[in-house]
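With this note's numbering as the guide, the letters of the sequence shown map in order to residues 92 to 533. Right, one structure below, let's go through it.
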Amino acid sequence: MSYHNPLTPPRKSATFDDHTLAEIRRAAATGIYDIRGGGTKRKVPHFDDLLFLGASISRYPLEGYREKCETSVVLGTRFARKPIELKIPITIAGMSFGALSGNAKEALGRGATLAGTSTTTGDGGMTDEERGHSELLVYQYLPSRYGMNPRDLRRADAIEIVVGQGAKPGGGGMLLGQKISDRVAEMRTLPKGIDQRSACRHPDWTGPDDLEIKILELREITDWQKPIYVKVGGARPYYDTALAVKAGADVVVLDGMQGGTAATQDVFIEHVGMPTLACIRPAVQALQDLGLHRKVQLIVSGGIRSGADVAKALALGADAVSIGTAALVAIGDNDPKWEEEYRALGTTAGAYDDWHEGRDPAGITTQDPELAARLDPVTAGRRLANYLKVMTLEAQTIARACGKNRLHNLEPEDLCALTMEAAAMAKVPLAGTDWYPGKGGF
Numbered sequence: 092m093s094y095h096n097p098l099t100p101p102r103k104s105a106t107f108d109d110h111t112l113a114e115i116r117r118a119a120a121t122g123i124y125d126i127r128g129g130g131t132k133r134k135v136p137h138f139d140d141l142l143f144l145g146a147s148i149s150r151y152p153l154e155g156y157r158e159k160c161e162t163s164v165v166l167g168t169r170f171a172r173k174p175i176e177l178k179i180p181i182t183i184a185g186m187s188f189g190a191l192s193g194n195a196k197e198a199l200g201r202g203a204t205l206a207g208t209s210t211t212t213g214d215g216g217m218t219d220e221e222r223g224h225s226e227l228l229v230y231q232y233l234p235s236r237y238g239m240n241p242r243d244l245r246r247a248d249a250i251e252i253v254v255g256q257g258a259k260p261g262g263g264g265m266l267l268g269q270k271i272s273d274r275v276a277e278m279r280t281l282p283k284g285i286d287q288r289s290a291c292r293h294p295d296w297t298g299p300d301d302l303e304i305k306i307l308e309l310r311e312i313t314d315w316q317k318p319i320y321v322k323v324g325g326a327r328p329y330y331d332t333a334l335a336v337k338a339g340a341d342v343v344v345l346d347g348m349q350g351g352t353a354a355t356q357d358v359f360i361e362h363v364g365m366p367t368l369a370c371i372r373p374a375v376q377a378l379q380d381l382g383l384h385r386k387v388q389l390i391v392s393g394g395i396r397s398g399a400d401v402a403k404a405l406a407l408g409a410d411a412v413s414i415g416t417a418a419l420v421a422i423g424d425n426d427p428k429w430e431e432e433y434r435a436l437g438t439t440a441g442a443y444d445d446w447h448e449g450r451d452p453a454g455i456t457t458q459d460p461e462l463a464a465r466l467d468p469v470t471a472g473r474r475l476a477n478y479l480k481v482m483t484l485e486a487q488t489i490a491r492a493c494g495k496n497r498l499h500n501l502e503p504e505d506l507c508a509l510t511m512e513a514a515a516m517a518k519v520p521l522a523g524t525d526w527y528p529g530k531g532g533f
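See the structure below:
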C-alpha cells in the first residue's frame, strides 16, 4: 500500500517533461518523425552570455555624434577579380524560392539593396525578380544542383558552395509537395506536387581535393571574376575552415545550430551541430594558423538578432554575419496581426515553425498565390532595411563605447563572459577574472 501526502503537489519528471511525453505519443500514433523549421528551441550558450567592457579611464570612448565608426567590409579579396563591397557587415542568408514565396524573395532583395548589402538565392535557382531587385546577389551552389546553370552563375556577384547548414550539418534539405508549384517544379526540374529531399552531400566529390577541383571549375566558368564562398555547418569548425581555405575558398561561411530557416527533422535541429558561439574561435584560429585571418573572410550565421550580436561576432574574429530567421521576422513573419489564423493552424504567432507546410498566413513561407499576395515586397523591403539600419547603429554604438572607430577593430579583449560555458567557448575571461576554462591558472 502506498501513501501520497495530499499536501505535496504531484511532481513531473524533468526528463519526461510535457513536450517529451507529447512527442512520444505523436510518434506512436503516426509512425512519422517530426519535421519543422525555426531552429533549435533548447537554450544553448549564445551571444547573450557575453558582455562588452566599455571604456572609462583605462580606455578612451568615442563620441557618437561627432566621431565616425566605419562599418564597410570587402568580401572575396583573396582570388576574385571583383570582390563584393558591402556598406554594412550584415548579409542575408540563403533561403530558396520554393521555401519562400516570390514576394518574400523580392522583399529580401529590395531590403538588402537599400541597406547596401547582399542577399543569397538559396536552393532551387535564381529568379529574375530576385536578381532584378538585388544589387548584390550571392548564388548558392548546393548538392541538389536544382536550377543550377552557367548563365546564372555568371549573373551572380558571388557563388556560395553549400557543404552544410547549421540546422542540419550532414543532412539534406526538404521541400514538401504542396510547395512545389508549376514554377518551382520547372525551375528545379521536378514533378509538381511531389515531396523532394535534397542530397546531404555533393554528388561529384568525396573530400577536400574534389572541392578544390570544383572551385577551380567555377572560377573558370566565371572567368575568375566572382568570389567563391564555402558554407559549412558548425560541427568541426577548425578543420572544416582549414580545408575550405586550402581548397581555395575566398570566404568561409560558418553556420551554427541556431540557424533556423531550414526545414528538417526536429531530432536533427535539437541534437546535431554546435552552438554558434562555440564555432567562431576555432574557425578564426584555423585562419590565423594559416596566416590568412582577414585575408580569407569569415561570415558567421545562426541566431544573429541584434547589433549586439553583430558586434560580438566581429569582436570574436568574424568579418561579417548573415541573418535568416531575423530577416523573415523583419519582413512580417510570425506577425501577431495574423494570430487568429496561426491559432487555426494549431500554433501561435511567436511559435509558428511549420514553414515547410506552405500555409503561412503572413505570405512568406508559402507558394499559395492568395497567401503570398498578402506580402507587399516594397513595404516589406523597407522594413528589412530599417531593421538592418538599427542593427548597424547598435553595433556602432557599442564599438564607440569600446573606443573603436571601426567595427572590425573590436577584439576579444573587449569582452567578458557571464558563464563558464560561454567563457570556454568564446575564450574570453569570466567576468571579474582574467581566466577562462582551458587557459590554465586562476
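A virtual CB, placed ideally from N, CA and C, is assigned to each residue, including glycine.
Residue range P468 to A492 is occupied by the alpha helix (DSSP H) that includes V469. The region 199-209 makes contact with the region 477-490; the number of CB pairs closer than 8 Å reaches 3 or more. Taking C-beta separations shorter than 6 Å and ignoring five residues to either side along the sequence, the partners of S413 in its chain run T182, A184, I390 and S392, following chain order.
When DSSP states are grouped into helix, strand and coil, E154 belongs to the coil group. In this structure, the alpha-carbon of A247 lies about 22 Å from that of A353. Here G394 is buried. Its C-beta has 16 or more other C-beta atoms within 10 Å. Looking at the backbone, the Cα of D286 and that of A399 are separated by about 39 Å. In the three-state reduction of the DSSP assignment, K322 falls in the strand class. G298 sits in coil when the DSSP states are folded into three classes, being neither helix nor strand. At a Cβ-Cβ threshold of 8 Å, V401 and P180 count as neighbours. Under the DSSP assignment, L506 falls in the beta strand (DSSP E) whose first and last residues are L506 to A508.
A residue is called buried when at least 16 other Cβ atoms come within 10 angstroms of its Cβ; D125 does not meet this threshold and is exposed. Annotation: G129 to R396 spans about 14 Å, alpha carbon to alpha carbon. Under the three-state reduction of DSSP output, R385 falls in the coil class, being neither helix nor strand.
By a beta-carbon distance limit of 8 Å, D410 contacts V164. Their separation comes to about 6 Å. A Cβ-Cβ contact shorter than 8 Å links V363 with G261. Note: M265 is bridge-paired with R288 in the DSSP secondary-structure output. Burial state of V469 is exposed, judged by a 10 Å Cβ sphere holding fewer than 16 other Cβ atoms.
In the structure shown, the three-state DSSP call for D346 is strand. According to DSSP, residue pairing for E176 in a beta bridge involves V165. For P282, the closest C-alpha among the options S289, S272, A290 and A490 is that of S272. Cα atoms of Q388 and G437: separation of roughly 43 Å, rounded to the nearest angstrom. Taking P174 as the centre and dropping the five residues before and after it, the same chain places the C-beta of V165, L166, G167, T168 and P318 closer than 7 Å to its C-beta, in chain order.
G185 sits in a strand when the DSSP states are folded into three classes. D301 and D295 have their C-alpha atoms spaced approximately 8 Å apart. Counting along the chain, the unbroken beta strand (DSSP E) around I250 starts and ends at A249 to V253.
For the options A508, P520, Y527 and P528, the alpha carbon positioned closest to that of H137 is the one of A508. Per DSSP, F138 lies in no alpha helix (DSSP H) segment and is marked neither H nor E.
Contact between the region 138-148 and the region 507-522 is established, with three or more Cβ pairs separated by less than 8 Å.
Here the C-alpha atom of L177 lies approximately 9 Å from the C-alpha atom of L227. By the Cβ test, the region 340-353 is not in contact with the region 491-501, since fewer than three Cβ pairs between them sit closer than 8 Å. Contact between Q231 and G257 is absent: CB atoms are separated by about 14 Å, not below the 8 Å threshold.
In this model, T313 and I115 are separated by some 51 Å (Cα to Cα). For V336 and N240, the gap between their C-alpha atoms comes out near 25 Å. Per DSSP, the continuous beta strand (DSSP E) segment holding V229 begins and ends at L228 to Y232.
Per DSSP, the unbroken beta strand (DSSP E) holding V412 starts and ends at A411 to I414.
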